[in-house]
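Keeping their order, the protein sequence lines are chains A and B.
Take the first sequence: its position 58, counting from 1, is numbered 58 in the numbering used here, and each next residue is one higher.
Position in the second sequence (first residue = 1) + 1000 = the numbering used here.
2 protein chains.
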Amino acid sequence: MDPIPERLAVKPSWLITQLAMHARRLVFDGFAATGARGYHYRILAALHEFGPASQAQLGRWCRIDRSDVVAAVNELVELGHVDRTPDPDHGRRNRVSLTDAGREQLARMDVVLDRVQAELLEPLSVQERKTLTDLLSRLVAHHDPT
Amino acid sequence: MDPIPERLAVKPSWLITQLAMHARRLVFDGFAATGARGYHYRILAALHEFGPASQAQLGRWCRIDRSDVVAAVNELVELGHVDRTPDPDHGRRNRVSLTDAGREQLARMDVVLDRVQAELLEPLSVQERKTLTDLLSRLVAHHDPT
DNA sequence: CTCCAATATTGGCGCCACCAACACTAGCCG
DNA sequence: CGGCTAGTGTTGGTGGCGCCAATATTGGAG
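As structure tokens, this is what we get:
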């Protein structure tokens, strides 16, 4: 019961945004236990992979607006997951770096996210998951000027 | 340049939410020309397909919270796209119905959305689009208890 | 030296989703 | 019939996410 209007149910843009909503809910609920949110994971992941960086660089890597990076880094500093120090070689620039606690938090969030992926794709076979990921990757790459 | 952290790029939940962001942007930009937004289209589509209904019913069909339906219907009434009249058979309930102007607006928005789908899926072949839509439909159905 | 690009920060906006509380109504069931 | 439960409309608030403008400051190019 409570069918979805055909006009919507048929449109890829609807399917994608609806599924994204379910995904965000799963991620949000999972992260809630760790006291974090999406922006935190993105920044921790970037720092872990690329090393210490300025906030502007983090924003470009994570697809987060500079002004939102400020707030997220504030929170991460407060939580002790990152350090923010002035860049010695560059007056105005900050140097954000991962702490040990941040690394641990990242590991915790990875566990959560693995569970979320499994739950999100539960109805699909391994082959289908691969197909879906491939198609999505191509679309994201196409729409991300990067 | 400005690569996406591997941890993110690999996760279906990231791909889906990122693609959803691009989709929402395309839809938003397209709808801007018509002076409407997503909620409006959903409600107009439901009214066109299922006929006049209460606000609570619209919310269930469109996956919109009751309180948000209030605001959206207010805007649609203001725009002259729907009528809101008290349900004669049911004291508290309203009866929301589509106007001629609403039907025309829905047609305009359909044109916009068709263009958006084409742009969104541009890199994919016809067969791939079908595959993607099928996979997404199954996932959405799985996560939508309704 | 001057001008331009980049950086950090503040403050604000909008969409979408969600929740709690209230007032009221309909319908059911004892 | 009376009272309770479920459903309805409405107000008001919260939060995540994405985005933009303005400001102050700094580095580097020309």
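We put the CB at the ideal spot given by N, CA and C, even for glycine.
Beta-carbon separation (whole angstroms), residue i vs residue j, contact threshold 8 Å
i: A:Gly30; j: A:Arg115; result: 7 Å
i: B:Leu1019; j: A:Leu136; result: 6 Å
i: B:Met1023; j: A:Ile64; result: The question names Met, yet the displayed sequence has Ala at residue 1023 of chain B. Between A:Ile64 and B:Ala1023 the Cβ distance is about 19 Å, and since that is not below 8 Å, they are no contact.
i: B:Thr1131; j: A:Thr133; result: With a Cβ gap of about 12 Å, B:Thr1131 and A:Thr133 do not count as contacting.
Between the CA atoms of residue j and residue i - distance to the nearest angstrom
i: A:Gln55; j: B:Leu1047; result: 47 Å
i: A:Leu26; j: A:Val96; result: 28 Å
i: B:Gln1105; j: B:Leu1076; result: 10 Å
i: A:Asp83; j: A:Leu98; result: 6 Å
i: A:Arg138; j: B:Thr1085; result: 48 Å
i: B:Arg1129; j: A:Asn74; result: 42 Å
i: B:Gly1051; j: B:Leu1044; result: 10 Å
Close Cβ partners of residue i (< 8 Å) along its chain, the five nearest in sequence each way excluded
i: A:Arg108; result: Thr34
i: B:Asp1087; result: Ser1054, Arg1093, Asn1094, Arg1095
Three-state secondary structure (DSSP) of residue i
i: B:Leu1121; result: coil
i: B:Ala1141; result: helix
i: B:Thr1131; result: helix
i: B:Val1077; result: helix
i: B:Thr1017; result: helix
i: B:Asp1002; result: coil
i: A:Arg37; result: coil
i: A:Arg25; result: helix
i: A:Val111; result: helix
i: B:Asp1068; result: helix
Neighbourhood of residue i by C-beta distance below 6 Å, restricted to the same chain and skipping five residues each side
i: A:Val69; result: Gln55, Leu58, Gly59
i: B:Val1112; result: Gly1030
Identified DSSP bridge partners for residue i
i: A:Pro86; result: A:Asn94
i: A:Ala53; result: A:Val96
Cβ neighbours of residue i in the same chain (closer than 7 Å, five flanking residues each side left out)
i: B:Trp1014; result: Leu1008
i: A:Arg42; result: Cys62, Ile64
i: A:Ala101; result: Gly80, His81
i: A:Glu122; result: none
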